[in-house]
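Protein chains in written order, with our numbering: chain A, -8 to 193; chain B, -8 to 193. Glycine included, C-beta positions come from ideal geometry on N, C-alpha and C. This one's a predicted model, so the numbers in the text were calculated from it and none came from an experiment. Here is the structure we will look at.
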């Protein structure tokens, strides 16, 4: 194993996934501020990995710069919201490619609070459950609309062929999530219409 | 607001969701060991919330017992794997119902490492991407098979009407996840068949 491979292996262990997400946003080639990175994360990463908080983005930028994976310069004075501009370095591109090649792909993490609440439906009431699932249905529809809009933008630029592909995937994901909420609402209605199991047969 | 409400509000802030998951597993009425709880979590909670580690389950059991929400007794000597048996108390049922009624329902947390890797496809190679998505497709199919088996068991017992409903939801979720992986494989194949954008027109 070359010393370069050893370096990658150490990074894979030492950097959190959020650092790779931030470096990934920079890998599309633009010079971005923390504020820009947050905006881009909201328009892309949010649909499949959640969106890192502003404070997390700044923490990772400091770490990436210390590591030599990003460099920054003060923003020109006419752009007051963009205090510093960051870009990826060749070493950063190399490290990110190494992470993609060598880090084990973890199984998706799913923590579905709505499903958890219906699973405990025996301690809740039908109206609350219905409202919870209905609100989730609306959330899924909103995510679908927003990822569709992001996909339409990404499709205009060949640099974003893979993001556009994942946004199509995200459209399927959030449409399925909405449809599964509809099916769950139908199942809830059926369960609540059933006569009690102990009702006397005439 | 009654003092009972104030108590719930304090719990909602102080107990992590994993504590409510463990209490939720006990709320179906069985007396269970830590080992049993882990087994039940693997057969139900895993499909929509991940499965807490053994160490987490024991930590939450100690906390729930200290809180008066669960009580335990030593397991009979003929059951050496079940060192202590836990059951929920009326106060525990009350607290769990209070949490369901009052805690805000958080949006689902999704961290999809496979989508993240395809999103960064410009730094990867087609064969690696294809293999990553294919492995995920197999994982989704396995989850679908396992949640279907769990649903078939849950449907035999009316106590588990809501878990059975969420397992049907889980079947839809994991079938959609598998189908979205298939569609992504097709999109990847199309992108890689395209001639380079700069190819000369004859």
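Determine the extent of the beta strand (DSSP E) in which residue i is found, giving its start and end residues.
i, result
"residue 44/A", "Per DSSP, residue 44/A belongs to no beta strand (DSSP E) and is neither H nor E."
"residue 75/B", "75 to 79"
"residue 61/B", "61 to 65"
"residue 101/B", "100 to 102"
Within a Cβ cutoff of 8 Å, which residues of the same chain sit near residue i, ignoring the five residues on either side of it in sequence?
i, result
"residue 66/A", "24, 73, 74, 75, 76"
"residue 56/B", "62, 63, 77"
"residue 31/B", "16, 23"
"residue 128/B", "169, 172, 173, 176"
"residue 150/A", "19, 20"
"residue 28/B", "13, 16, 17, 48, 52, 77"
Does DSSP classify residue i as helix, strand or coil?
i, result
"residue 149/B", "helix"
"residue 191/B", "Reliability fails at residue 191/B, whose pLDDT of 44 lies under 50, so the model's placement of it is uncertain and the value that follows must be treated cautiously. Three-state result, residue 191/B: coil."
"residue 72/B", "coil"
"residue 94/A", "coil"
"residue 136/B", "helix"
"residue -7/B", "Residue confidence is low: residue -7/B scores 48 on pLDDT, short of 50, so the model does not pin down where it sits. No coordinate-derived value is stated."
"residue 115/B", "coil"
"residue 181/B", "helix"
"residue 20/A", "coil"
Please report the residue range of the alpha helix (DSSP H) in which residue i lies.
i, result
"residue 12/A", "8 to 17"
"residue 111/A", "It is not in any alpha helix (DSSP H) - residue 111/A carries neither H nor E in the DSSP assignment."
"residue 27/B", "25 to 34"
Quick one: measure Cβ to Cβ for residue i and residue j, integer angstroms, because I've assumed they're closer than 8 Å.
i, j, result
"residue 157/A", "residue 165/B", "Not quite, the Cβ-Cβ distance comes to about 19 Å (not below 8 Å), so this is no contact."
"residue 123/B", "residue 108/B", "5 Å"
"residue 106/A", "residue 39/B", "4 Å"
"residue 69/B", "residue 13/B", "The Cβ separation is near 25 Å, so there is no contact."
"residue 146/A", "residue 155/A", "5 Å"
"residue 60/A", "residue 83/A", "3 Å"
"residue 114/B", "residue 18/A", "6 Å"
"residue 199/B", "residue 167/A", "Residue 199/B falls outside the range modelled here, since chain B spans only -8 to 193, and no answer is possible."
Give me the Cα-Cα distance between residue i and residue j, rounded to the nearest whole angstrom.
i, j, result
"residue 160/A", "residue 175/B", "7 Å"
"residue 64/A", "residue 87/A", "22 Å"
"residue 33/A", "residue 80/B", "44 Å"
"residue 180/B", "residue 37/B", "32 Å"
"residue 10/B", "residue 120/B", "38 Å"
"residue 44/A", "residue 53/B", "33 Å"
"residue 134/B", "residue 102/A", "15 Å"
"residue 47/B", "residue 21/A", "42 Å"
"residue 207/A", "residue 177/A", "Given a span of -8 to 193 for chain A in the structure shown, any question on residue 207/A remains unanswerable."
"residue 136/A", "residue 118/B", "32 Å"
"residue 100/A", "residue 97/B", "15 Å"
"residue 183/A", "residue 125/A", "16 Å"
"residue 152/B", "residue 162/B", "15 Å"
"residue 8/B", "residue 130/A", "21 Å"
"residue 42/A", "residue 104/B", "14 Å"
"residue 148/B", "residue 112/A", "15 Å"
"residue 185/B", "residue 144/A", "20 Å"
Among residues of its own chain, excluding the 5 on either side of residue i, which ones have a beta-carbon nearer than 7 Å to its beta-carbon?
i, result
"residue 132/B", "169"
"residue 26/A", "72, 73"
"residue 35/B", "141, 154"
Within a Cβ cutoff of 6 Å, which residues of the same chain sit near residue i, ignoring the five residues on either side of it in sequence?
i, result
"residue 6/A", "none"
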